Amino acid sequence: MKFCVDINIINSVKFKEENNFAVDMISDRGAKIAKDYDVYWFAPGGGGTINIKQAVPSKFLINKDGKIIWTYIGKDKTDRPSIKMMTDLIDEKL
Numbered sequence: 001m002k003f004c005v006d007i008n009i010i011n012s013v014k015f016k017e018e019n020n021f022a023v024d025m026i027s028d029r030g031a032k033i034a035k036d037y038d039v040y041w042f043a044p045g046g047g048g049t050i051n052i053k054q055a056v057p058s059k060f061l062i063n064k065d066g067k068i069i070w071t072y073i074g075k076d077k078t079d080r081p082s083i084k085m086m087t088d089l090i091d092e093k094l
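All the letters of the sequence shown, read from the start, carry residue numbers 1 to 94 under the UniProt record's numbering.
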C-alpha cells in the first residue's frame, strides 16, 4: 500500500510512526506522480473562490500484479472516501 505526500515528508513520516501505519511514504514534490495518474488539474481552492492547479485527492487500490482494481478521484480538495470505506475495500478486494 502507498501513501502519497507532496508537502512535508518529515511531518508525514512522524504521523505514520505515531499512528503505527504500515505503508510506504512517497514525496511527490513537483506532482510527477499526480500527473502520471492524471489527477493534477485546476480545482477549487481558497474556500472555493480561486481555481488553482493541484493534485486532487485520489485513491487507487492496486493489486499484487500492479493492476489498478479500484479508483476514487475527488471532485475537489475536500472530497475523500472515508477510512472505513477504504479499509472495507482493502479487506474485500485484496
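Where is the CB? At the ideal position from N, CA and C, for every residue including glycine.
The structure displayed is predicted, hence computed values, not measured ones.
Locate the alpha helix (DSSP H) running through residue i, then write down its first and last residues.
{"i": "Lys-35", "result": "32-36"}
{"i": "Thr-87", "result": "83-93"}
Considering only DSSP beta bridges, list what residue i is partnered with.
{"i": "Lys-53", "result": "Phe-42"}
{"i": "Ile-68", "result": "Ile-62"}
On the DSSP letters alone, give me the boundaries of the beta strand (DSSP E) that residue i sits inside.
{"i": "Lys-59", "result": "58-62"}
{"i": "Thr-78", "result": "Careful: Thr-78 lies outside any beta strand (DSSP E) and carries neither H nor E."}
Determine the contact status of residue i and residue j, defining contact as a CB-CB distance below 9 Å.
{"i": "Phe-34", "j": "Val-13", "result": "The amino acid at residue 34 is misidentified as Phe; the sequence shows Ala. Contact: no."}
{"i": "Val-39", "j": "Ile-83", "result": "no"}
{"i": "Lys-53", "j": "Trp-70", "result": "no"}
Report the option in the options whose CA atom is closest to the CA atom of residue i.
{"i": "Lys-77", "options": "Lys-59, Asp-24, Phe-21 and Val-23", "result": "Lys-59"}
Per the contact definition of three or more C-beta pairs closer than 8 Å, is the stretch 63-75 in contact with the stretch 16-36?
-> no
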